[in-house]
Each structure stands twice: as C-alpha cells, then as structure tokens.
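Residue numbers (our numbering), protein chains in the order written: chain A, 864 to 977; chain B, 13 to 125.
Virtual Cβ for every residue (Gly too), placed ideally from N, Cα, C.
Okay, so here's the structure we're looking at.
Next comes the structure, spelled out in structure tokens:
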C-alpha cells in the first residue's frame, strides 16, 4: 500500500481482556517497529523486526506483551490481560531496512482499557 | 542510558516568523539524527535527517544544524505557517541496539495568525 496501515484505529476493551493490534507496513520495507505513546508523551520503543525475526524486544513492558511478524510483512502486537495503564496510542512504523533508516509511521491504534 | 532531550515543551510563534526547536543528546557516538513532525491524530512524519559528517542540512523551509561538540541539534523552520503547528520530535538511534530509535519528549509548536 501507499503507507503504513494500522487496524483498528480505535479499540476500547475491558480490563483483563486480550487485544490484538495489526500493522501492515509499506511494501518492500524489511524493518518494522512498534512504539507506544501515552497522552502528551514521547514515543516509547517496544520492539522491532528485521524480516520475521525480532533482534530487539527490550522495550516490551511485561510478558503480557508479545508481537509477531509473518511473511516479512504484517505484524500483530498482542496484549494479554489488559490493564488500565496499557491505555495509549500504539504506533507502528516501517523502514527499508534497519538500522539508521528513516521510519514511516502509521496513524496508530488508540487503545482504551476501561 | 542514552537520552534525548528538548529544551522547551512548547513554543509559540507568529505566522511568518522563523521557529527554532532545540534538542540535546547524550551519546557522543551518535552519528545519525532525525526530526519528525506529529500532527494531531496522526503518526510522526519524517521531516529531515542529518549524519554526523555534516553540520548543516537544508530542506524545503527547514534547516537542521548539528553541533557535535556540545551534542546539540536544532530544527529551524523559515516563515512559519499555521500548517506547521504540530509536535516536533528529534530522534537518535540507540547506540549498538540495532533499529531502536530514542525519541525526545517533543516540542509543541503553535503558530499564531
């Protein structure tokens, strides 16, 4: 596609439920990134993929968070047993390759945990 | 650990004036720097980048200046327009951590008509 596509754009869930967030990167981009942005804050790195492997998972806040990427394309970020502090905008980005390449971001998924 | 900081969380300028947004970084080994613009409800958008072998780079109405001696970079926007209103982030790759980018907290630029 023309840009990075994320779905859903908004997700409201109840505390304790699992959620899946999807990212469809720009075609041909081998690197894919997940960031989290809380209200009025900067971007917090979660994980990045080069191809289907994740060399750096250091930013995942807890073992409730996991991500996978299949076919070198679509990625899914899963949050299990959601907590209120998980409420944030989850941003996905892709780049031709990593490292040191400019990132192209999607518009994000606004997650609200009630 | 590494950090990236911005000097002002908010900046208000008059339409037509020049804007300067500053950023400081902590790791002297950093060799690549990027500025992003984030409009409300959207993801960050690449504006301009600069590598450490340069001290200045110009784009369309934007200029980035890099001072490696004091580990400081700035984004200058000429003839600021209402459409420039957004949050601006500087970012640097985390040293020896592959593709991870470290972002500053952002400066919110407001342009008064």
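Where residue i falls: helix, strand or coil (DSSP)
| i | result |
| --- | --- |
| residue 17/B | strand |
| residue 93/B | coil |
| residue 947/A | helix |
| residue 117/B | coil |
| residue 107/B | coil |
| residue 980/A | It is not possible to answer for residue 980/A, since the shown part of chain A is limited to 864 through 977. |
| residue 958/A | strand |
| residue 38/B | coil |
| residue 865/A | coil |
| residue 99/B | strand |
| residue 921/A | coil |
| residue 931/A | strand |
Below-7 Å beta-carbon distance, residue i vs any chain A residue
| i | result |
| --- | --- |
| residue 118/B | yes |
| residue 115/B | yes |
| residue 55/B | yes |
| residue 95/B | no |
| residue 111/B | yes |
| residue 61/B | yes |
Any chain B beta carbon closer than 7 Å to residue i
| i | result |
| --- | --- |
| residue 965/A | yes |
| residue 908/A | yes |
| residue 970/A | yes |
| residue 954/A | yes |
| residue 905/A | yes |
| residue 951/A | no |
| residue 930/A | no |
| residue 887/A | no |
| residue 865/A | no |
| residue 894/A | yes |
| residue 961/A | yes |
| residue 926/A | no |
| residue 919/A | yes |
Bridge partner(s) assigned by DSSP for residue i
| i | result |
| --- | --- |
| residue 124/B | 26/B |
| residue 907/A | 899/A |
| residue 884/A | 940/A |
| residue 876/A | 976/A |
| residue 68/B | 77/B |
| residue 915/A | Paired residue(s): none; residue 915/A is not in a bridge. |
| residue 33/B | 87/B |
| residue 952/A | 900/A, 973/A |
| residue 890/A | DSSP output for residue 890/A lists no bridge partner at all. |
| residue 61/B | 46/B |
| residue 870/A | 885/A |
Pair within 7 Å by beta-carbon distance, residue i and residue j
| i | j | result |
| --- | --- | --- |
| residue 64/B | residue 96/B | no |
| residue 967/A | residue 975/A | no |
| residue 940/A | residue 897/A | yes |
| residue 60/B | residue 76/B | yes |
| residue 127/B | residue 99/B | Any answer about residue 127/B is impossible in this case: the structure gives chain B only from 13 up to 125. |
| residue 16/B | residue 123/B | no |
| residue 972/A | residue 874/A | yes |
| residue 869/A | residue 969/A | yes |
| residue 909/A | residue 932/A | no |
| residue 911/A | residue 111/B | yes |
| residue 40/B | residue 92/B | no |
| residue 118/B | residue 914/A | no |
Below-7 Å beta-carbon distance, residue i vs any chain E residue
| i | result |
| --- | --- |
| residue 58/B | Annotation note: the requested chain E is absent from the structure, which comprises protein chains A and B. |
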